[in-house]
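Residue numbers (this note's numbering): 338 to 788. We treat Cβ as the ideally placed atom computed from N, Cα and C, and that holds for glycine. So the structure is just underneath, and the comments pick up after that.
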């Protein structure tokens, strides 16, 4: 819808007809806010909606809800559309096509995985359904008391905390050795401590092998989650196994994919097919540090890419210049952030690197309300080029990652970062901001490394 809006700004309805198909019930909403809606931090579902279908239609963007595109015919320059409520299908022609199908949540192909009570967290409709189940008045079945979250990434951890807020007995099962595998193990261990601290039972290094059910009609309702080590009772299961680009339609139509698995696009978000554009979680992006194609499912990139595609369709010129892998989340009392490469990613990209860590405070130590912060930073050996950083702390910690992300974007060294003019006042920072101290220690590691 960002692409549609940008194209409309540049071309009036008499110049360009814009038609949008959405298989769900909503347009232009914050998917990142869904866990907070489920937790009750956000009161109403509509609070997550940025622009309604009626608002789009008022700008001459013809939005069709509950309509699913089931095929793309590039030779005919048309898409086949199924009306999910009316039960009919039709072909809709196009001159330009924007492919913005997002991602699909990973769902394990295991015994019992099709049982009722097992939910992915992807769309606003998913969030509404999960909250209804949690707040059930018992008309169909009692509200759940025991929850299992499978997967300890951002969504899994946020959902575990949300379920605790609903008073459930929550267990989280993570196949890796620590939650949030995008962090280095020593930083991920802090997150494990935090999630246990709010009462979540955490099993690390265990892979789910199946789901128990009550044997009811249609596969029944989930009753447990099994690993090789144990069986955990469950009334509700939330899947936080990550997602993959939703590229089935593109692949079947012959739109080329990239090596990362997302749709291959150029800087202007055009695919290798003329006048076919793609944006969002379904595309691959250029990583400005590793120099490799990656799929990064974040709303920030999706909106920027949609803007670029829409400007170009509307006759302007815009380019998307890549990503550096910046992400932030709040897990229990901790703020967690990362940007650039972690140690595993740096090694895979062929870098020799050094690391340094700093533990300090978010404000001057004597100022009321100061909170702890820990920063881990990576730099290339000998050159000192900044490669990445991870931050864990309390209030006031996470957004410091943006300074480091900007330094990464501009390919700065840790010495460059050390010399930057960051703000200081006791309510906001020590006289040496934690970012600068981390940069100084990383610079010392570079200087002290072998020649």
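Length-filtered (4 minimum) alpha helix (DSSP H) runs lying within the region 388 to 447
If you keep only unbroken alpha helix (DSSP H) runs of at least 4 residues inside the region 388 to 447, you get 390 to 395.
Where the alpha helix (DSSP H) through residue 343 begins and ends
The residue you call residue 343 lines up with position 6 of the chain shown. Note, residue 343: alpha helix (DSSP H), 339 to 347.
Of the residues 534, 683, 589, 582, the one placed nearest residue 628, counting alpha carbons only:
Locating residue 628 in the chain shown gives position 291, where the first residue counts as 1. Residue 683 is the option with its Cα nearest to residue 628.
What is the DSSP secondary structure of residue 574, reduced to helix, strand or coil?
In the chain shown, the residue the question calls residue 574 occupies position 237. The answer is strand: DSSP assigns residue 574 an E or B state.
Find out if the Cβ-Cβ distance for the pair residue 438, residue 393 is shorter than 8 angstroms.
Working through the chain shown from its first residue, we reach residue 438 at position 101. Working through the chain shown from its first residue, we reach residue 393 at position 56. No, the pair does not count as a contact, with Cβ atoms beyond the cut-off.
Could you give the first and the last residue of the continuous alpha helix (DSSP H) run that contains residue 350?
Working through the chain shown from its first residue, we reach residue 350 at position 13. From DSSP, residue 350 is part of no alpha helix (DSSP H); its letter is neither H nor E.
Give the straight-line distance between the Cα atoms of residue 282 and residue 449, rounded to the nearest whole angstrom.
What is shown of the chain runs 338 to 788, which leaves residue 282 out entirely.
For the region 538 to 551 against the region 560 to 568, do three or more pairs of beta-carbon atoms, one drawn from each stretch, fall closer than 8 angstroms, so that the two count as touching?
Touching, per the Cβ criterion.
Boundaries (first-last residue) of the alpha helix (DSSP H) holding residue 727
As a first step, residue 727 must be located in the chain shown, where it is residue number 390. Premise fails: residue 727 lies in the beta strand (DSSP E), 723 to 730, not in any alpha helix (DSSP H).
Host alpha helix (DSSP H) of residue 530 (start-end)
For the purposes of this step, residue 530 is identified with residue 193 of the chain shown, where counting begins at 1. Counting along the chain, the alpha helix (DSSP H) containing residue 530 begins and ends at 522 to 534.
Alpha carbon to alpha carbon, how far is residue 444 from residue 407? Give it in angstroms, no decimals.
Working through the chain shown from its first residue, we reach residue 407 at position 70. Working through the chain shown from its first residue, we reach residue 444 at position 107. Distance between the alpha carbons of residue 407 and residue 444: 21 angstroms.
How is the alpha helix (DSSP H) around residue 637 delimited, first residue to last?
Translated into the one-based positions of the chain shown, residue 637 becomes position 300. DSSP places residue 637 in the uninterrupted alpha helix (DSSP H) bounded by 636 to 650.
Would you kindly work out how many angstroms separate the C-alpha atoms of residue 399 and residue 602, rounded to a whole number?
Mapped onto the chain shown, residue 399 falls at position 62. Mapped onto the chain shown, residue 602 falls at position 265. Each residue's alpha carbon lies about 26 angstroms from the other.
Sorted by chain position, which residues of the same chain lie with C-beta nearer than 6 angstroms to residue 290's C-beta, five sequence neighbours on each side aside?
The chain is shown from 338 up to 788; residue 290 falls before or after that span and cannot be answered.
Three-state class that DSSP yields for residue 784 in the structure shown:
Counting from one through the chain shown, the residue named residue 784 turns up at place 447. Helix, per DSSP.
Does the Cβ-Cβ distance between residue 633 and residue 598 come in under 8 angstroms?
Along the chain shown, one-based indexing puts residue 633 at 296. Along the chain shown, one-based indexing puts residue 598 at 261. Going by C-beta atoms, residue 633 is not nearer than 8 angstroms to residue 598.
Use the C-beta contact count for residue 466: other C-beta atoms within 10 angstroms, 16 or more gives buried, fewer gives exposed.
By one-based count along the chain shown, residue 466 stands at place 129. The Cβ neighbour count for residue 466, taken over all protein chains shown within 10 Å, is under 16; the residue is labelled exposed.
Contact under 8 angstroms by Cβ, residue 660 with residue 673:
As a working note, residue 660 is residue 323 in the chain shown. As a working note, residue 673 is residue 336 in the chain shown. In terms of Cβ geometry, residue 660 and residue 673 do not form a close pair [threshold 8 angstroms].
Determine, using beta carbons only, whether residue 643 and residue 617 come nearer to each other than 8 angstroms.
On the chain shown, residue 643 is found 306 positions in, with the first residue counted as 1. On the chain shown, residue 617 is found 280 positions in, with the first residue counted as 1. Yes, these two residues count as a Cβ contact at 8 angstroms.
Express the C-alpha separation of residue 756 and residue 741 in angstroms, rounding to a whole number.
Taking the chain shown and counting its residues from 1, the one referred to as residue 741 is at position 404. Taking the chain shown and counting its residues from 1, the one referred to as residue 756 is at position 419. If you take the alpha carbons of residue 741 and residue 756, they lie about 13 angstroms apart.
Report the residue ranges of all alpha helix (DSSP H) runs contained in full by the region 542 to 605; include only those spanning at least 4 residues, in chain order.
Fully enclosed alpha helix (DSSP H) runs of 4 or longer: 585 to 590.
Taking all protein chains shown into account, do 16 or more other C-beta atoms lie within 10 angstroms of the C-beta of residue 768, making it buried, or fewer, making it exposed?
As a working note, residue 768 is residue 431 in the chain shown. Exposed, since its Cβ has fewer than 16 Cβ neighbours within 10 Å.
Which whole-angstrom value is the C-beta distance of residue 397 and residue 350, which I expect to be below 8 angstroms?
In the chain shown, the residue the question calls residue 397 occupies position 60. In the chain shown, the residue the question calls residue 350 occupies position 13. That belief holds up - the Cβ atoms of residue 397 and residue 350 are roughly 4 angstroms apart, short of 8 angstroms.
Tell me the rounded alpha-carbon separation between residue 358 and residue 748.
On the chain shown, position 21 is the one that residue 358 refers to. On the chain shown, position 411 is the one that residue 748 refers to. The straight-line gap from Cα to Cα measures roughly 40 angstroms.
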